[in-house]
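Some notes on the structure that comes next.
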Amino acid sequence: MKRNLRIRPPFFEIGPKNYLYGDQIIDLARLADEASQKYDVRVIFTTPYANIARVSECTKQLIVFAPHMDNIEVGRGLAAVLPESLRAAGAQGVMLNHVEKPMRIAELYGTIRRARELGMMSIVCADSIPETKAVALLEPDMMVTEPAELIATACAADVSYVRTSVDTIMNIDPNIGILVGGGINSGQDVYNVIAAGADATGSSSAIATARNPRAMIEEMLSAARDAWNERCGGVMMEG
């Protein structure tokens, strides 16, 4: 099945998780939207389900993702997350298999394809190199590789992990967009990951809990743009 639109690198993922809610999410989304336009860095904004519609309606450039969905069809399934309902609310894609919401490989395979049927992009997480290999074979649109032990810490993945992740995915499927994350706390962390070969990185707690979220978002997105321009000479890709 043909892939949906690939996001032009460099891109960045912001996922407030449950650090924020209600209008706090909307305020953060607007800040991210402004910075995305300012630095020409596309931003995936992975928002809690309850805010998908509002975030979609109040931003111009954010790529709104749901934090999970279930591979179910319209009908029964109380409390399950119906793909069609996410798409109708404005979600353009979905994050799958985060360490805080893991899925079995068989579930992932079907859910990636359900997303594709609905014109939604998929970004699938892997927390080790062996899992990265397994997930890449499922042909997601994008992948997040991040060691579980680094998530929500002050320690980002080192250059060797970034390069190993990139090489692993590229050798299996060079069409997958590659985000390397975990422990991204500063613009320097962002710069290092992009400079080492990733298409993207992202941050949750460092942005959501920052004393000045606007400044943190701008620091990170400007670093992503600088690293990409220095690595690729400002080459623009479609998407």
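Numbering (our numbering), first residue to last: 1 to 239.
C-beta atoms are modelled at their ideal positions from N, C-alpha and C, and glycine is treated no differently.
Apart from the five residues on each side of it in sequence, which residues of its chain come closer than 7 Å, Cβ to Cβ, to residue i?
i: E238; result: Low confidence applies here, because E238 scores a pLDDT of 46, under 50, leaving its location unreliable; read the following figure in that light. Cβ neighbours of E238 beyond the five flanking positions: R8.
i: L62; result: A29, A32, D33, S36, V43, F45 and V55
i: A206; result: I184, N185 and M216
i: A53; result: A89 and G90
i: V159; result: N192 and A196
Using the rule of at least 16 other Cβ atoms within 10 Å of the residue's Cβ for burial, across every protein chain shown, is residue i buried or exposed?
i: E80; result: The amino acid at residue 80 is misidentified as Glu; the sequence shows Ala. Per the 10 Å Cβ criterion, exposed.
i: E117; result: exposed
i: E219; result: buried
i: C125; result: buried
i: V144; result: buried
i: P174; result: exposed
i: L138; result: buried
Just checking my contact of residue i with residue j at CB under 8 Å: how many whole Å lie between their CB atoms?
i: G90; j: V64; result: 6 Å
Nearest by alpha-carbon distance to residue i: which of the options is it?
i: V74; options: A88, L62, A66 and G202; result: A88
i: I14; options: P213, M170, G233 and D173; result: P213
i: R163; options: N192, D27, M142 and D173; result: N192
i: P130; options: I172, E57, M142 and E100; result: I172
i: V41; options: T209, R211, A210 and V190; result: V190
i: R6; options: I176, A134 and G233; result: I176
i: N51; options: Q24, V99 and G233; result: Q24
Ordered along the chain, which non-local residues of its own chain (more than five positions away) have a Cβ less than 6 Å from that of residue i?
i: W228; result: P10 and I194
i: P83; result: M69, R114 and L118
i: G93; result: F65, M120 and M121
i: G110; result: N71
i: Y39; result: L221, S222 and R225
i: S204; result: G15 and K17
i: P140; result: I112, S122 and V124
i: K101; result: H68
Using a Cβ-based criterion (distance less than 6 Å to any ligand heavy atom), does residue i qualify as near the ligand SAM?
i: I112; result: This structure lacks the ligand SAM, and indeed carries no ligand of any kind.
Is the distance from the Cβ of residue i to the Cβ of residue j below 7 Å?
i: G202; j: F12; result: yes
i: K200; j: I169; result: Per the sequence shown, the amino acid found at residue 200 is Ala instead of Lys. Their beta carbons are not under 7 Å apart, which means A200 does not touch I169 by this criterion.
i: P67; j: M103; result: no
i: N97; j: L86; result: no
i: I105; j: C58; result: no
i: Y19; j: A210; result: no
With a CB to CB cut of under 8 Å and the five nearest residues on each side skipped, what residues in its chain are close to residue i?
i: Q188; result: A223
i: P147; result: D127, S128, A157, Y161 and G182
i: V166; result: I178, V180, A196, G197 and A198
i: T132; result: A126, M143, T145, S165, T168 and I169
i: L78; result: none
Using a Cβ-Cβ cut-off of 7 Å, state whether residue i counts as contacting chain B.
i: R87; result: Among the chains of the structure shown, chain B does not appear; only one protein chain is present.
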